[in-house]
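This report concerns only the one structure given below.
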Amino acid sequence: MTRLSIFPLPGALLFPGMHLPLHIFEPRYRAMVSDAMARDRRIGMIQPRIMEAGAGDKPALYDVGCVGRIAEIEMLDDGRSNLVLEGLSLFRVTRELDVTTLFRQVEAELIPAPEPETLSLGSRASLEMEARRFADRQGYAVDWEAVSRLDDQSLVNGIAQIAPFDVAAKQALLEAQGIAIRADLIVQLMQFFGRHDGDDRVTLQ
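Sequential numbering from 1 applies to the sequence shown in the UniProt record's numbering.
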């Protein structure tokens, strides 16, 4: 078991080996970053569940998140900061701790990394094709030449991190067992969410 300070942020995923830029401005998360820098530079990224009445600033959490290490940090004059988290390991929350800090902390179990995996040529082609269609429908500008050079894991997890799906869909991607299953789920989600256009354009939560 490990003790983690957590940053509950809807729509924000981090995967092991990937990077997530964050802008920190709330006092409780400034305190969290200061604490992390003084200890082991680790922060647990996790999504809150849909806000329930009476939850206040402590919404229920999903069970699975990702530990990130502060790889880069830029401290601004007014106390805010820009940082980049590097994903280390998925974790499963076992219980939330009763703490006096401004930020929340949990006891968590680190989830072992799966064996390295690659996509079949058909799965890779299907994912890239659907990603192009989705980006075109949403009006996104993408450097497809750079995308084609990504290894399978970086491609799948990169799309999962930035795709503008809702919180539940993003969580399903995080918890998917392996990149082949995650890639298939991404294709299904792009086909579903990509049906929206115009005023119904899919946006980040």
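Glycine residues also receive a C-beta, built at the ideal position from the N, C-alpha and C atoms.
Test item: CB-CB of residue i and residue j under 8 Å
{"i": "E96", "j": "I179", "result": "no"}
{"i": "L119", "j": "D152", "result": "yes"}
{"i": "Y62", "j": "I50", "result": "no"}
{"i": "M1", "j": "T94", "result": "yes"}
Residues near residue i by beta carbon distance below 7 Å, same chain, minus five either side
{"i": "A176", "result": "R182 and L185"}
{"i": "L88", "result": "P16, V67, G68 and R69"}
{"i": "E72", "result": "L83 and V84"}
{"i": "F192", "result": "none"}
Straight-line Cα distance separating residue j from residue i
{"i": "Q161", "j": "P48", "result": "16 Å"}
{"i": "A113", "j": "L90", "result": "8 Å"}
{"i": "V64", "j": "W144", "result": "31 Å"}
{"i": "D57", "j": "L76", "result": "25 Å"}
{"i": "A36", "j": "D136", "result": "40 Å"}
{"i": "M129", "j": "G122", "result": "10 Å"}
{"i": "L9", "j": "A38", "result": "22 Å"}
{"i": "D197", "j": "A60", "result": "Note that D197 scores a pLDDT of 49, beneath 50, so its modelled location is shaky and nothing firm can be said."}
{"i": "E115", "j": "S154", "result": "15 Å"}
{"i": "D40", "j": "P21", "result": "18 Å"}
{"i": "A146", "j": "Q188", "result": "23 Å"}
{"i": "A172", "j": "Y140", "result": "23 Å"}
{"i": "A150", "j": "P164", "result": "For the record, residue 150 in the displayed sequence is Leu; it is not Ala. Distance between the alpha carbons of L150 and P164: 20 Å."}
Residue nearest to residue i in terms of C-alpha spacing, selected from the options
{"i": "R3", "options": "L22, R42, A12 and A38", "result": "R42"}
{"i": "S81", "options": "A163, A31, Q188 and A146", "result": "A31"}
{"i": "S148", "options": "E107, R124 and E74", "result": "R124"}
{"i": "P27", "options": "A172, F103 and S120", "result": "F103"}
{"i": "V156", "options": "L14, L61 and M1", "result": "L14"}
{"i": "G79", "options": "Y29, E115 and D40", "result": "Y29"}
In DSSP terms, what residue i is bridged to
{"i": "M45", "result": "F7 and C66"}
{"i": "N82", "result": "H23 and E74"}
{"i": "G87", "result": "G68"}
{"i": "residue 206", "result": "Past the edges of the chain, shown from 1 to 205, lies residue 206, and the structure says nothing about it."}
{"i": "T2", "result": "A108"}
{"i": "L61", "result": "P48"}
Own chain residues within Cβ distance below 6 Å of residue i, not counting five before or after
{"i": "H19", "result": "V84 and E86"}
{"i": "V142", "result": "A135"}
Contacting residues, own chain, Cβ-Cβ under 8 Å from residue i (five flanking each side not counted)
{"i": "I159", "result": "L127, A131 and I186"}
{"i": "G44", "result": "L4, S5, I6, F7, G65, C66, V67, G68, F91, V106 and A108"}
{"i": "V33", "result": "I24, I43, I70, I73, S81 and L83"}
{"i": "T111", "result": "According to the sequence provided, residue 111 is Ile. The question's Thr does not apply to it. Around I111: V64, S89, L90, F91 and R92."}
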